[in-house]
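These notes are about the structure you will find just below.
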Amino acid sequence: MKYLCREYLENNYIDPETSERLGVKRGLRNPDGTGVLAGLTNVCDVVGYDKTEDGTVVPIPGKLIYRGINVEQLAEEAYQKDRFVFEGVIWLLLFGTLPTSAELKEFGQILDSHRALPDGFAEDMIMKAPSPNIMNKLARGVLAMYSYDENPEDLSLENLLEQSISLIAGLPTIMVNAWQIKRRIYDHQSMFFHMPIPGQSTAEHILATYRADQKFTHEEAKLLDLCLMLHADHGGGNNSAFTCRVLSSSGTDTYSAIAAAIGSLKGPKHGGANLKVMEQLEHIRAGVENHTDEDEVREFLRKIIRRQEGDGSGLIYGMGHAVYTLSDPRAIILRQHAKDLAFEKGFEDEFNLLCLVEKLGPQVFAEEKGNKTVCANVDLYSGLIYKMLGIEPDLYTPLFAISRIPGWCAHRIEEVMFANRIIRPAYKYLGVRQKYKTLEER
């Protein structure tokens with residue numbers, strides 16, 4: 123293999139400066155860092171900056187808007203009215219309006235009817251093919267659902283909605299079952315399976331099937347519900363939603379498109395960042411003597427950027443975002459609602475350290491990298507919340523997938539119903555011309 127690697131490197135190289143010279147928008151990003159406009163959507167808007175008439179990008183406080191409704195309003199209602207909101211957000215993203223009480227009740231019953239997996243699915247598709255990585259198993263599980271669908275290739279609106287609702291309701295069950303098998307096969311621990319309980323919210327269903335004793339507090343379920351709601355979508359341009367749209371534009375089936383989105387989310391540059399935040403937090407706790415000393419924490423963050431501490435990447439995980447500049451509304455909401463549980467469960471030190479990272483990170487980044495504006499993103503707090511809920515790190519990114527599948531499905535339906543054109547950007551060929559030689563001449 124080393125020979126093959128040398129062979130490849132000797133004959134393949136693309137200079138990043140060539141991309142700049144030819145005007146290639148790497149990562150589908152404009153020179154000012156904003157995203158290339160690649161499509162239209164009614165599903166979600168992600169706002170982090172304004173542009174002046176001369177094209178200057180002006181940072182503004184971030185906003186996340188589902189179908190015209192700010193997520194801050196959804197979070198506020200969740201706690202003021204003591205309601206689970208994720209199911210209502212699923213309806214909102216799929217259909218475009220907030221459900222009435224009657225619609226929400228009926229929709230909850232529909233989701234209930236799809237929580238349990240098809241007969242034989244857990245035994246044949248999960249138990250007989252375990253995976254050490256739950257994200258891979260989620261993707262395989264979604265692809266396997268194709269075989270249990272009587273009309274898997276039907277692209278009618280009715281069938282797309284039926285498939286979407288089935289996957290949204292069933293994916294949490296696939297996740298927990300896959301984790302139980304992983305525990306038994308790879309971790310050599312006992313596994314246990316609980317049947318779905320009718321009438322539970324998605325957050326309650328996850329906790330009830332995940333925990334051996336099925337016990338959880340209302341506050342725990344509410345905080346998980348908040349995480350699910352805040353991760354439900356993030357515009358058509360985020361990597362996994364765009365992946366789903368690209369596949370959907372080809373006319374492929376729902377299961378292939380959603381499995382591809384899961385594969386995208388698995389990448390540490392996309393969905394795996396909250397796990398990196400928790401690893402980084404342990405580096406800080408070990409390397410900083412006084413966790414309340416801002417100067418000491420600031421200098422440790424500086425060492426992380428200089429690749430002297432942490433994992434050597436030079437990244438402060440949980441800081442910075444492709445769109446948000448001054449603030450990520452999801453991070454603000456999670457910080458506000460995670461504090462009480464952190465102090466109650468003995469995670470005061472970890473929570474306060476993350477708050478310091480949020481406060482000091484932008485200062486250190488500006489000093490080390492110039493005046494680029496960065497802010498805390500949602501990953502800074504989501505990992506700690508999952509840890510406080512007793513959820514294993516194996517499930518941090520899968521929980522992201524559970525949250526995001528309503529958005530993926532909404533974008534897929536929109537792409538299939540209205541875009542009607544295969545996504546096909548261009549790549550400029552840079553290879554040198556060479557004369558063909560016969561096998562004997564080589």
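Going by the working numbering, the first residue of the sequence shown is number 123, and it counts up by one from there. Cβ coordinates follow ideal geometry from the N, Cα and C atoms, glycine included.
Let me know the secondary structure DSSP gives residue i once reduced to three states.
{"i": "residue 429", "result": "coil"}
{"i": "residue 184", "result": "strand"}
{"i": "residue 542", "result": "coil"}
{"i": "residue 191", "result": "strand"}
{"i": "residue 497", "result": "coil"}
{"i": "residue 441", "result": "strand"}
{"i": "residue 368", "result": "helix"}
{"i": "residue 417", "result": "helix"}
{"i": "residue 268", "result": "helix"}
{"i": "residue 163", "result": "coil"}
{"i": "residue 402", "result": "helix"}
{"i": "residue 378", "result": "helix"}
{"i": "residue 511", "result": "coil"}
{"i": "residue 211", "result": "helix"}
{"i": "residue 249", "result": "helix"}
{"i": "residue 358", "result": "coil"}
{"i": "residue 516", "result": "helix"}
{"i": "residue 333", "result": "coil"}
{"i": "residue 255", "result": "coil"}
{"i": "residue 262", "result": "helix"}
{"i": "residue 537", "result": "helix"}
{"i": "residue 319", "result": "coil"}
{"i": "residue 423", "result": "helix"}
{"i": "residue 310", "result": "coil"}
{"i": "residue 551", "result": "coil"}
With DSSP as the reference, please indicate the residues paired to residue i in a beta bridge.
{"i": "residue 151", "result": "157"}
{"i": "residue 179", "result": "173"}
What's the C-alpha gap between residue i and residue j?
{"i": "residue 412", "j": "residue 455", "result": "27 Å"}
{"i": "residue 545", "j": "residue 178", "result": "29 Å"}
{"i": "residue 205", "j": "residue 351", "result": "12 Å"}
{"i": "residue 471", "j": "residue 284", "result": "45 Å"}
{"i": "residue 385", "j": "residue 433", "result": "24 Å"}
{"i": "residue 381", "j": "residue 195", "result": "31 Å"}
{"i": "residue 167", "j": "residue 446", "result": "12 Å"}
{"i": "residue 534", "j": "residue 328", "result": "25 Å"}
{"i": "residue 553", "j": "residue 133", "result": "9 Å"}
{"i": "residue 300", "j": "residue 404", "result": "28 Å"}
{"i": "residue 294", "j": "residue 558", "result": "54 Å"}
{"i": "residue 396", "j": "residue 476", "result": "12 Å"}
{"i": "residue 467", "j": "residue 503", "result": "15 Å"}
{"i": "residue 292", "j": "residue 263", "result": "10 Å"}
{"i": "residue 349", "j": "residue 170", "result": "20 Å"}
{"i": "residue 260", "j": "residue 304", "result": "12 Å"}
{"i": "residue 124", "j": "residue 135", "result": "17 Å"}
{"i": "residue 345", "j": "residue 203", "result": "14 Å"}
{"i": "residue 280", "j": "residue 235", "result": "17 Å"}
{"i": "residue 268", "j": "residue 332", "result": "25 Å"}
{"i": "residue 207", "j": "residue 451", "result": "17 Å"}
{"i": "residue 127", "j": "residue 555", "result": "22 Å"}
{"i": "residue 393", "j": "residue 424", "result": "25 Å"}
Would you mind reading off the limits of the alpha helix (DSSP H) that contains residue i?
{"i": "residue 471", "result": "470 to 491"}
{"i": "residue 229", "result": "223 to 235"}
{"i": "residue 139", "result": "138 to 144"}
{"i": "residue 462", "result": "451 to 466"}
{"i": "residue 130", "result": "124 to 133"}
{"i": "residue 285", "result": "279 to 307"}
{"i": "residue 347", "result": "340 to 352"}
{"i": "residue 446", "result": "Here residue 446 belongs to no alpha helix (DSSP H), and DSSP marks it neither H nor E."}
{"i": "residue 560", "result": "Counting along the chain, residue 560 falls outside any alpha helix (DSSP H), and DSSP gives it neither H nor E."}
Would residue i be called buried (16 or more neighbouring beta carbons within 10 Å of its own) or exposed?
{"i": "residue 334", "result": "exposed"}
{"i": "residue 138", "result": "exposed"}
{"i": "residue 449", "result": "buried"}
{"i": "residue 562", "result": "exposed"}
{"i": "residue 317", "result": "exposed"}
{"i": "residue 340", "result": "exposed"}
{"i": "residue 537", "result": "buried"}
{"i": "residue 162", "result": "exposed"}
{"i": "residue 465", "result": "exposed"}
{"i": "residue 210", "result": "buried"}
{"i": "residue 315", "result": "exposed"}
{"i": "residue 193", "result": "buried"}
{"i": "residue 242", "result": "exposed"}
{"i": "residue 231", "result": "exposed"}
{"i": "residue 383", "result": "buried"}
Counting along the chain, where does the beta strand (DSSP E) carrying residue i start and finish?
{"i": "residue 169", "result": "166 to 173"}
Against chain B, does residue i count as a neighbour if the rule is that its beta carbon must be under 8 Å from one of theirs?
{"i": "residue 391", "result": "You won't find chain B in this structure, because it holds only one protein chain."}
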